[in-house]
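**Student:**
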Amino acid sequence: MTPPPRRPRRRPRRPSRPPGRARLAVGSVALCAVTGLAVVLLQSPDRAGTPTPAAAEPAPPAPVPAVGPPDTPSPRAEQPASAASSAGGSPAGPATTTAPAAGGAADLGGCPVAPADSIWRTPVDRLPAAADSAALVAAIGTAKHLKADFGAGTWEGAPFGIPITAVPPGTPTARVAFDYAEESDRGPYPIPAYELYDAHPQGDGSWRAASGAVFDLRSNALRPTGRTSADAAGLPILPGLARYDEASGGTIDHALRITVPRSRKAALWPARHQAGSSTDAALPPMGLRLRLKAGVDVSGLPPQARAVAQALKTYGAIVADNGSAWYVSGTQDDRWDNTALARLGALTGADFEAVDVSALQLAPDSAAARHP
1 MTPPPRRPRR RPRRPSRPPG RARLAVGSVA LCAVTGLAVV LLQSPDRAGT PTPAAAEPAP
61 PAPVPAVGPP DTPSPRAEQP ASAASSAGGS PAGPATTTAP AAGGAADLGG CPVAPADSIW
121 RTPVDRLPAA ADSAALVAAI GTAKHLKADF GAGTWEGAPF GIPITAVPPG TPTARVAFDY
181 AEESDRGPYP IPAYELYDAH PQGDGSWRAA SGAVFDLRSN ALRPTGRTSA DAAGLPILPG
241 LARYDEASGG TIDHALRITV PRSRKAALWP ARHQAGSSTD AALPPMGLRL RLKAGVDVSG
301 LPPQARAVAQ ALKTYGAIVA DNGSAWYVSG TQDDRWDNTA LARLGALTGA DFEAVDVSAL
361 QLAPDSAAAR HP
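The sequence shown begins at 1 in our numbering and counts up one residue at a time.
1) Helix, strand or coil for L344 per DSSP?
2) Please tell me whether L241 and G330 are closer than 7 Å, where the distance is taken between their beta carbons.
3) Return the Cβ separation of V296 and D351 in integer angstroms, given the expectation that the two are a contact with Cβ distance under 8 Å.
4) If you drop the 5 nearest sequence neighbours on each side, which residues of the same chain put their C-beta closer than 6 Å to that of L312?
5) Among residues of its own chain, excluding the 5 on either side of G287, which ones have a beta-carbon nearer than 7 Å to its beta-carbon?
6) Count the C-beta pairs between the segment 330-344 and the segment 108-119 that are closer than 8 Å, then say yes if the count reaches three, no if not.
7) Where does R223 land, buried or exposed, given buried means 16+ other C-beta within 10 angstroms?
8) Taking R208 as the reference, which of P172, Y244, P239 and I191 has the closest Cα?
9) Once DSSP output is grouped into helix, strand and coil, what is the label at R257?
10) In chain order, what residues of the same chain have a beta carbon less than 8 Å from the beta carbon of P123, not counting five sequence neighbours either side?
11) Sort out for me which residues DSSP pairs E195 with in a bridge.
12) Just checking my contact of V308 with A247 at CB under 8 Å: how many whole Å lie between their CB atoms?
13) Rounded to a whole number of angstroms, what is the C-alpha to C-alpha distance between D204 and V176?
14) Do you know how far the Cα of A174 is from the Cα of A294?
15) DSSP puts L292 in a beta bridge; with which residues?
16) Is the distance from the Cβ of H454 to the Cβ of W120 below 7 Å?
17) Considering only C-alpha positions, which residue in the set C111, A129, I140 and L127 is nearest to G323?
18) On the DSSP bridge list, what partners appear for A177?
19) Please report the distance separating the alpha-carbon of D125 from that of Q202.
20) Give the DSSP bridge partners of D321, in chain order.
21) In whole angstroms, what separates the C-alpha of H278 from that of P261?
22) Rounded to whole angstroms, what is the Cα-Cα separation between E183 and T259?
23) Which two residues bound the contiguous beta strand (DSSP E) that contains I164?
24) Taking the alpha-carbon positions, what's the P302 to R186 distance?
25) Could you give the C-beta distance for A230 and E195, rounded to a whole number, given that I count them as a contact under 8 Å?
26) Within 10 Å of its beta-carbon, does A354 have 16 or more other beta-carbons around it, so buried, or fewer, so exposed?
27) Please report the residue range of the alpha helix (DSSP H) in which P172 lies.
28) Assuming S349 and A367 are in contact, meaning their beta carbons sit under 8 Å apart, how far apart are those beta carbons, in whole angstroms?
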């Protein structure tokens, strides 16, 4: 079964993005130093509608090598965006697959989604609420409902969520020209590995993208201040995705990625880039940590939804981009139960609070954190 139809919402776009331009966002990647595996995400923007149901309990396919060339990422701001296409790699189209079963919740195919001491993997359930929590939550929307912007099946032919593709060493690289070269990591890029934003294949085999970022899964190094990524906050997408393999085990042991309708022209650690047009202190900045309140009862939720809700209690969510209010990101995986995930909609903004994580920072240019 599928959840009831969602009201269409359009994802805000970065100021540089031309109106009506088709976009291909080739998502988050990082290299795992031990295995040489590149984890690739094809990022689709927030979507509304009814996902096409997947076949019942399909066996997860094996990782498929990606072939072809690409590149993309860049800054953004609160403007309505046209619907984006999400397709993989070259015209031949690399397949996106379910990643291999992980050895642990914060582990993916032998690679950690982030170092053990990363702010992504640091519990925030015992930290104080931010002094301005009420105003920040109100700006996002106290009456707005939480939404799992991921699940099984497709929506308008695109994956419902962000698929992960394992790309082996030796994948061909491609040249990428960037609109924001000063904010992008230099190539060449093994497409579709690494984070690319607004990427388009060119006739000569190269790619054109707004920006590009490369993340090392075993490092806490942050991007230089002021640099974006495929997310407005300049953060990797992979560590913030809810994955079926961890939820099915009952534990998601890291923070999740979340979007807000409007953001302040500011970035809080660990974010590196802002995406707002207003300095209004009541608006949430990029990097803001949000948390499901301890007193919210999630025991009645189905197991998959309960795992997501508990992660939001223990680890919270990091504001990573402008988009729909309270949309939480996860992988596209045909093993998700869309009906169960839809039950997260019983939670609203009033059930959340902003968290002050400033005491966890060890160094401004590192995502390493003190564990409270």
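Ideal Cβ placement from N, Cα and C applies to all residues, glycine included.
**Tutor:** According to the structure shown:
1) In the three-state scheme derived from DSSP, where H, G and I count as helix and E and B as strand, L344 is classed as helix.
2) Result yes, Cβ atoms of L241 and G330 sit closer than 7 Å.
3) With a Cβ gap of about 5 Å, V296 and D351 count as contacting.
4) Correct list, in chain order: L292.
5) So the qualifying residues of the chain are A233, A267, L268, W269, P270, A271, I318 and V319.
6) The answer is no - the segment 108-119 does not touch the segment 330-344, with fewer than three Cβ pairs under 8 Å.
7) Result: buried.
8) Comparing C-alpha distances from R208 to each of P172, Y244, P239 and I191 shows the shortest one belongs to I191.
9) Strand.
10) Same-chain partners within the cutoff: T314, Y315, H371 and P372.
11) In DSSP, E195 forms a bridge with A213.
12) Between A247 and V308 the Cβ distance is about 6 Å, and since that is below 8 Å, they are a contact.
13) The straight-line gap from Cα to Cα measures roughly 11 Å.
14) Roughly 48 Å separates the two Cα atoms.
15) In DSSP, L292 forms a bridge with F352.
16) Absent from the structure is residue 454, since the part of the chain shown begins at 1 and ends at 372.
17) Among C111, A129, I140 and L127, the Cα nearest to that of G323 belongs to I140.
18) Beta-bridge pairing links A177 to R208.
19) Each residue's Cα considered, the two are about 47 Å apart.
20) T259, per the DSSP bridge assignment.
21) One point to set straight first is that residue 278 is Ser, not His, in the sequence displayed. Cα-Cα distance, rounded: 13 Å.
22) Answer to the nearest angstrom: the Cα atoms are 22 Å apart.
23) Run containing I164: I164 to V167, per the beta strand (DSSP E) assignment.
24) Cα to Cα, P302 sits roughly 44 Å from R186.
25) With 8 Å as the limit, A230 and E195 qualify as a contact, their Cβ atoms being about 4 Å apart.
26) By the 10 Å Cβ count, A354 comes out buried.
27) The continuous stretches of alpha helix (DSSP H) do not include P172, and DSSP gives it neither H nor E.
28) Here the sequence assigns Gly to residue 349, which means Ser is not the residue at that position. Between the beta-carbon of G349 and that of A367 there is about 26 Å, and that puts the pair past the 8 Å contact cut.
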